[in-house]
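Trainee:
Protein chains: 2
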Amino acid sequence: MANIMSNQLENPLEQRLGFNLRRASLAMMLDYGEQLSKHDVRPAEASILTVVLANPDANQADVARCLEMKRANMVPLIIQLVAKGWLERHPIDRRRFALRLTATGRSVAKKVQMIMENHERDFIAALDPVGFDEIIATLRRLRGTK
Amino acid sequence: MANIMSNQLENPLEQRLGFNLRRASLAMMLDYGEQLSKHDVRPAEASILTVVLANPDANQADVARCLEMKRANMVPLIIQLVAKGWLERHPIDRRRFALRLTATGRSVAKKVQMIMENHERDFIAALDPVGFDEIIATLRRLRGTK
DNA sequence: TATTGTTATACTCTATAACTATA
DNA sequence: TATAGTTATAGAGTATAACAATA
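Going line by line, the protein sequences match chains E and V.
Mapping of the first sequence onto our numbering: residues 1 to 146, in sequence order.
Mapping of the second sequence onto our numbering: residues 1 to 146, in sequence order.
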């Protein structure tokens with residue numbers, strides 16, 4: 001019963017792809033979230049700002065689809081972004097809204113891109129000797145499995 | 001304003017390491033969680049069962065540390081596992097408990113290992129041509145960054 | 001003094017079902 | 001009939017601070 005004494009346990013999950021993938025993702029999320037929180041931005045909000053910046057007048061359902069989020073979960077996030085004065089909703093027809101960044105929102109969205117760039121730099125460096133493109137391609141294959 | 005018409009938006013996050021890492025992790029978690037739920041096991045419970053199976057009589061704090069979980073978040077999980085009749089707590093001294101699997105718990109834990117093995121197989125196949133060891137080493141470096 | 005287990009609490013993201021209004 | 005936005009709700013995991021008892 002060595003385990004009663006020692007405090008270094010064996011963790012079989014350390015050999016698992018899923019566990020390492022999850023811990024790596026959480027490590028990145030932790031740093032990313034800390035950087036964003038300095039500007040009162042949540043990761044999910046940052047994702048929406050990024051997509052709307054790249055796709056002016058997109059509607060909620062389209063944004064949700066391309067971020068692989070549920071339509072229903074967009075609602076409180078959009079409300080928050082509007083309340084913060086970063087986003088406006090303009091009717092396209094009588095059931096869709098075109099999402100548009102305000103001047104402040106555009107400024108925040110650009111700041112978010114810079115934070116993202118700086119945040120990713122350190123982690124991308126840790127990929128070496130595996131190449132960035134190779135990793136991205138591999139992660140995409142994992143995303144498409146099942 | 002092509003975006004009012006089209007429903008295929010550009011997603012700049014597709015070029016990001018963090019986004020792809022997260023989506024890949026969630027894709028694996030989705031499949032893993034589905035397989036486990038058939039046996040009324042949650043992923044976090046499966047992690048604890050796995051560590052206790054490999055480390056009989058470990059205490060909660062040690063298990064939490066090796067899974068990178070908070071001590072406080074172990075409590076309801078342990079209570080659940082005890083309530084399910086899969087885990088017992090035996091006093092080590094007057095402040096620690098040795099966690100021990102019951103006969104049923106050991107059987108569930110072994111079933112979990114099989115589910116994990118089958119679940120990972122398909123995803124590991126998707127790694128090709130990148131090797132498993134290479135990916136694990138890379139993910140570990142990411143985990144250790146910041 | 002440091003650690004274990006605990007309580008309480010809050011936050012973030014995810015998931016589902018069902019509704020309405022509209023295309 | 002299918003879709004957009006919404007409501008309500010639940011679940012899972014994570015995080016912090018603080019406490020009593022104990023090492």
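From the three backbone atoms N, C-alpha and C, an ideal C-beta is built for every residue, glycine too.
Out of E:ARG23, E:ASP122, E:ALA58 and E:GLN80, which has the shortest C-alpha to C-alpha gap to MET93 of chain E?
Mentor: Stepping through the first sequence from its first residue, residue 93 of chain E is reached at position 93. The displayed chain sequence assigns Asp, not Met, to residue 93 of chain E. When only C-alpha atoms are compared, the closest one is E:ALA58.
Trainee: Does any residue of chain E bring its CB to less than 9 Å from the CB of VAL51 of chain V?
Mentor: Counting from 1 along the second sequence, the entry for residue 51 of chain V is found at position 51. Interface residue, yes.
Trainee: Alpha carbons only, please: which of E:LEU53, E:MET29 and E:VAL52 is nearest the one belonging to ARG42 of chain E?
Mentor: The residue given as residue 42 of chain E occupies position 42 in the first sequence. Ranking E:LEU53, E:MET29 and E:VAL52 by Cα distance to ARG42 of chain E puts E:MET29 first.
Trainee: Relative to the C-alpha of ARG16 of chain E, which residue among V:ASP128, V:ARG121 and V:ARG22 is closest?
Mentor: The residue you call residue 16 of chain E lines up with position 16 of the first sequence. If we check each option's Cα against that of ARG16 of chain E, V:ARG121 comes out closest.
Trainee: Could you tell me the distance, in whole angstroms, from the CA atom of ARG89 of chain E to the CA atom of PRO12 of chain V?
Mentor: Here residue 89 of chain E is taken as the residue at index 89 of the first sequence, counted from 1. Here residue 12 of chain V is taken as the residue at index 12 of the second sequence, counted from 1. So the two alpha carbons sit approximately 22 Å from each other.
Trainee: Cα separation between ILE124 of chain V and SER37 of chain E?
Mentor: Locating residue 124 of chain V in the second sequence gives position 124, where the first residue counts as 1. Locating residue 37 of chain E in the first sequence gives position 37, where the first residue counts as 1. Whole-angstrom Cα-Cα distance: 35 Å.
Trainee: So, are the CB atoms of VAL130 of chain V and THR138 of chain E less than 9 Å apart?
Mentor: If you number the second sequence from 1, residue 130 of chain V lands on position 130. If you number the first sequence from 1, residue 138 of chain E lands on position 138. Yes.
Trainee: Residues of chain V with CB under 7 Å from PHE97 of chain E, in chain order?
Mentor: On the first sequence, residue 97 of chain E is found 97 positions in, with the first residue counted as 1. None at all; the shortest Cβ gap to chain V is about 11 Å.
Trainee: Hey, how far is the Cα of VAL108 of chain E from the Cα of TRP86 of chain E?
Mentor: Translated into positions along the first sequence, residue 108 of chain E becomes position 108. Translated into positions along the first sequence, residue 86 of chain E becomes position 86. Approximately 8 Å between the Cα atoms of the pair.
Trainee: By DSSP's criteria, ARG215 of chain E is part of a beta bridge. Which residues make up the other side?
Mentor: Absent from the model: residue 215 of chain E. The displayed extent of chain E is 1 to 146, so no value can be given.
Trainee: Tell whether a beta-carbon distance below 9 Å holds between LEU9 of chain E and LEU49 of chain E.
Mentor: The residue given as residue 9 of chain E occupies position 9 in the first sequence. The residue given as residue 49 of chain E occupies position 49 in the first sequence. No; because the gap between Cβ atoms is not below 9 Å, this pair is not in contact.
Trainee: Which value, in whole angstroms, describes the spacing of the CA atoms of PHE19 of chain E and PRO91 of chain E?
Mentor: Here residue 19 of chain E refers to the residue found at position 19 of the first sequence. Here residue 91 of chain E refers to the residue found at position 91 of the first sequence. Computed Cα separation, rounded: 44 Å.
Trainee: Establish whether the CB of LYS111 of chain V and some CB of chain E are separated by less than 9 Å.
Mentor: Looking up residue 111 of chain V in the second sequence gives position 111. LYS111 of chain V does not count as touching chain E.
Trainee: Look up GLU14 of chain E in the DSSP assignment and give the residues it is bridged to.
Mentor: Start at 1 with the first residue of the first sequence, and residue 14 of chain E comes out as number 14. None; GLU14 of chain E has no bridge partner.
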